[in-house]
Amino acid sequence: MAKVTIDSRRCKGCELCVEACPHGVIVMSTALNDRGVHFAQPARLEECTGCGLCAVMCPDVIIEVEK
Amino acid sequence: MTTVFKRPESLKDTETHYCSGCGHGIVHRLIAEVVDELGIRERVVGIAPVGCAVLAYEYFNFDVSEAAHGRAPAVATGMKRARPDLIVFAYQGDGDLAAIGMAEIIHAANRGEHITVFFVNNAVYGMTGGQMAPTTMLGQKTETTPRGRNALGEGAPIRVAELLAQFDGVKFVERCTVSKPRNVLKARAAVKTALSLQIEGKGFGFVEILSPCPTYWGLQPRVAMRMIEERMEEIFPLGRIKEPAAEG
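See below:
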């Protein structure tokens, strides 16, 4: 299983990572961060293959991927 | 566990001022990744534009200078001529490069300066509030073209990459985009080719990157990315416009 870490404090909620993920691993939170936006969070990590496409699309470079 | 992806060393660990879903963050990261990969962080100098990327020096973890509006290629020229051992690139938006800076980019390209130019084209003025840029698409609504850009009054969008490719001094021209992962990886390859060209001392390299402006396009970031594929690529076709080896 791969590991995806998202710095939710810096997330601007663009959802490009959600769109990029082929396995629906990342979802948007219902809570708001300090910026006042719904942030991306890895939810279904058991589905994650560690392809890193979420991080490739993140304009704020707040995603780290390990596998 | 092995690291698949982490922030490149050439990008400071700081928050950017860019809007949600802005392409500048992706382009910054690509340049930083390639600088790391080529091992040139200690001898690379970026020239930041006026426009949304004006604060690029806050984000790159290497030397960056700021130029007057549109004059990044002129500043890059001076820097490269004074210090040929440095790797110098200009980072410019469409308002900066294709409007006020059109003279500078054309002459720097025609002279074949040994610099690299990254041109981030989002078809609108961002920092000043969403006015029409020379690359704004026909029919595109902006603050200054509220009924959509009309060729009769405002002219058609300028294809800068094709314009510059005709000069003998220009050795490499490619247009790419950051609309989806596959294209981001292609853009990274283009950035690498362009910077490698300069390291090898082969002349002027130009990479145009089609990038979204969700804020002034009035679209959600995901929709803005689709807009690039559905509309922008028709006007600004992707691909290599000038091969580096074509001129020997």
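Taken in sequence, the protein lines are chains A and B.
Going by our numbering, the first sequence opens with residue 48, and the numbers climb by one from there.
Going by our numbering, the second sequence opens with residue -10, and the numbers climb by one from there.
Using N, Cα and C, we set each Cβ at its ideal position, and we do this for glycine too.
{"Check": "DSSP state of residue 236 (chain B) mapped onto helix, strand, coil", "Outcome": "With a pLDDT of only 48 at residue 236 (chain B), under the threshold of 50, the placement of this residue in the model should not be trusted; the figure read from the coordinates follows. Helix."}
{"Check": "Residue 31 (chain B) to residue 218 (chain B) span [Cα, whole Å]", "Outcome": "37 Å"}
{"Check": "Residue-chain proximity (residue 93 (chain A), chain B), Cβ-Cβ < 8 Å", "Outcome": "no"}
{"Check": "Cβ contact (3+ pairs, closer than 8 Å) linking the segment 154 to 163 of chain B and the segment 207 to 214 of chain B", "Outcome": "no"}
{"Check": "CB contact check: residue 10 (chain B) to chain A, cutoff 8 Å", "Outcome": "yes"}
{"Check": "Minimum Cβ-Cβ distance from residue 81 (chain A) to chain B less than 8 Å", "Outcome": "no"}
{"Check": "Own chain partners of residue 65 (chain B) with C-beta closer than 6 Å, once the 5 adjacent residues on each side are dropped", "Outcome": "36, 77, 79 and 104"}
{"Check": "Residues bridged to residue 225 (chain B) [DSSP beta-bridge criterion]", "Outcome": "Paired residue(s): none; residue 225 (chain B) is not in a bridge."}
{"Check": "Three-state secondary structure (DSSP) of residue 81 (chain B)", "Outcome": "strand"}
{"Check": "Local conformation of residue 194 (chain B) per DSSP, three classes", "Outcome": "strand"}
{"Check": "C-alpha gap between residue 61 (chain B) and residue 11 (chain B), whole angstroms", "Outcome": "22 Å"}
{"Check": "Residue 0 (chain B) to residue 27 (chain B) span [Cα, whole Å]", "Outcome": "14 Å"}
{"Check": "Nearest-angstrom Cα separation, counted from residue -3 (chain B) out to residue 108 (chain A)", "Outcome": "9 Å"}
{"Check": "For residue 35 (chain B): DSSP bridge partner residues", "Outcome": "B:53 and B:78"}
{"Check": "Residues that residue 38 (chain B) contacts on chain A, provided the C-beta gap is smaller than 9 Å", "Outcome": "Ordered by position in chain A, no residue passes the 9 Å Cβ test against residue 38 (chain B), which lies about 18 Å from the chain."}
{"Check": "From B:71, B:55, B:22 and B:85, residue whose alpha carbon lies closest to that of residue 108 (chain B)", "Outcome": "B:85"}
{"Check": "Any chain A beta carbon closer than 8 Å to residue 116 (chain B)", "Outcome": "no"}
{"Check": "Inter-stretch contact (C-beta, 8 Å, three-pair minimum) for the segment 14 to 24 of chain B and the segment 176 to 196 of chain B", "Outcome": "yes"}
{"Check": "Chain B within 8 Å of residue 110 (chain A), Cβ atoms only", "Outcome": "yes"}
{"Check": "Check whether residue 91 (chain B) and residue 224 (chain B) have beta carbons under 8 Å apart", "Outcome": "no"}
{"Check": "Within chain A, partners of residue 214 (chain B) - CB distance below 8 Å", "Outcome": "63 and 66"}
{"Check": "Coarse secondary structure for residue 165 (chain B), derived from DSSP in three states", "Outcome": "strand"}
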